[in-house]
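S.K.: Pasting in a structure now, in structure tokens, and then I'll have a few things to ask.
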Amino acid sequence: MRVLVTYGSSRGGTEGLAQAVADGLRACGLDVDVLPPSRVRDISGYGAVVVGGALYVFRWHRAARWFVRRHAAALRQRPTYFFSSGPLDDSAASTDIPPAAGVRSLMERTGARSHVTFGGRLSPDARGIPASAMAKKLSGDWRDPARARNWARQIARELTGEPAAAAPASRDEARS
Ligand SMILES: Cc1cc2nc3c(=O)[nH]c(=O)nc-3n(C[C@H](O)[C@H](O)[C@H](O)COP(=O)(O)O)c2cc1C
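For the sequence shown, position 91 (counting from the first letter as 1) is numbered 550 according to the numbering used here, and the numbering increases by one without interruption.
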């Protein structure tokens, strides 16, 4: 199956997470294209789609919103998964952060199967207002590529119908 991973990203952090998601899907044998929304014309060749969006002032990056609105009807017809990237602290690692209101309504519109929030990144030399002011207090990288790859493996199992890897046998079972 071919899977599209697309993303809305201003400063590259979310694009990096999209690449980690793609790595996890490929590790499970899926064919994956990672493309920004502007380079996707038609999604009919994809069996499933993952859309990621950077969070800016409680909203998804506009390229992610644009992609979902434009392809909403086609997304409804195939398994679709969303991720957000944003928090500039460790909150995304310790809690399950729900989608922002606008992202939730896009999930309803497309029937997206799941959503996860990953930590974000803001470099100390970020340009633009108010990013440069924010970066003075909040710069850092809270992304967790391993978590993104794991999330992708769960998706791949769902898409391929593969059961989760069996838990290792207990010592007693292993001896007998
Ligand atoms: C102006 C500004 C507003 C932001 N607003 C939010 C927000 O509402 N929620 C959040 O979790 N993160 C917020 N962030 C953090 C970004 O989502 C984070 O830096 C993200 O990794 C950026 O992704 P990108 O590098 O792909 O553009 C904001 C960052 C900036 C600079």
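Glycine included, each C-beta is placed from N, C-alpha and C at the ideal position.
#1: Along the alpha helix (DSSP H) that carries Val527, what are the first and last residues, could you check?
#2: Taking Ser544 as part of the beta strand (DSSP E), name the residues at either end of that continuous run.
#3: Considering only DSSP beta bridges, list what Asp492 is partnered with.
#4: How is the alpha helix (DSSP H) around Val550 delimited, first residue to last?
#5: Assign Thr465 to one of two classes, buried (16 or more other C-beta atoms within 10 Å of its C-beta) or exposed (fewer than that).
#6: Tell me whether Val562 sits in a helix, a strand or coil according to DSSP, three-state version.
#7: Would DSSP call Arg518 helix, strand or coil?
#8: Among Arg518, Ser582, Arg580, which has the Cα closest to the Cα of Ala559?
#9: Quick one: grab the DSSP three-state call for Thr473.
M.R.: Put simply:
#1: 521-529
#2: 539-544
#3: Leu463
#4: For the record, residue 550 in the displayed sequence is Ser; it is not Val. Per DSSP, Ser550 belongs to the alpha helix (DSSP H) from 550-553.
#5: buried
#6: helix
#7: strand
#8: Arg518
#9: helix
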